[in-house]
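I have placed the structure first, in the form of structure tokens, so that the comments after it can refer back to it.
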Amino acid sequence: MKPHRNLKAWSDSIWLIKDLYLITKSFPKEELFGITSQMRRAALSIPLNIAEGAARTSKKEFVRFLDIAIGSIAELDTLFIISVELEFLSDEDFNLLNHKLETIGKLAYGLKRKLLSER
């Protein structure tokens, strides 16, 4: 049973990771263990927590893992802004990644609201 695979927030976050990894390949090498690593970890945290939450037996637990994923979305948003300010991330790449992140955030919040309303 893999209930997370039916969730758009999960599948969209997989595509975000793919784009993020390709884009961060061009970041300065000295940032490999800094911003690049932190950005990748935050992005990975989104689908991992959605998947883990979806596999839990209670809605309360699922909501808790969605909250963690939503926190990672906020962290990633901040890292995008920092990367633009440091000129590691172009405006074009920022717009692409940010649009995807906003969509995932809306989906995650919507899923959380749905679960909370079903209690």
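Residue numbers (our numbering): 2 to 120. Every residue gets a Cβ at the ideal spot worked out from N, C-alpha and C, and that includes glycine.
Reduced DSSP secondary structure (H/G/I, E/B, other) of residue i
i	result
residue 61	helix
residue 2	coil
residue 12	helix
residue 93	helix
residue 119	coil
residue 98	helix
residue 17	helix
residue 77	helix
Residue interval of the alpha helix (DSSP H) (run including residue i)
i	result
residue 29	Segment: none, residue 29 is in no alpha helix (DSSP H) and carries neither H nor E.
residue 7	Premise fails: residue 7 is in no alpha helix (DSSP H) and is neither H nor E.
residue 88	From DSSP, residue 88 is part of no alpha helix (DSSP H); its letter is neither H nor E.
residue 49	36–56
Among the options, nearest to residue i - alpha-carbon criterion
i	options	result
residue 23	90, 79 and 69	90
residue 20	109, 33 and 94	94
residue 17	7, 30, 88 and 99	99
residue 68	111, 3, 85 and 38	111
residue 5	30, 54, 33 and 38	54
residue 102	15, 36, 57 and 59	15
residue 105	2, 12 and 76	12
residue 45	58, 10, 29 and 64	10
residue 61	3, 114 and 7	114
residue 1	7, 107 and 80	Nothing can be reported for residue 1: it is not among the residues displayed for the chain, which extend from 2 to 120.
Cβ distance (whole Å) where residue i is taken to contact residue j below 8 Å
i	j	result
residue 50	residue 73	7 Å
residue 40	residue 87	Not a contact, Cβ separation roughly 12 Å.
residue 47	residue 83	Going by Cβ atoms, the distance from residue 47 to residue 83 rounds to 18 Å, so no, they are not a contact pair.
residue 1	residue 109	Residue 1 is absent from the structure shown; the chain starts at 2 and stops at 120.
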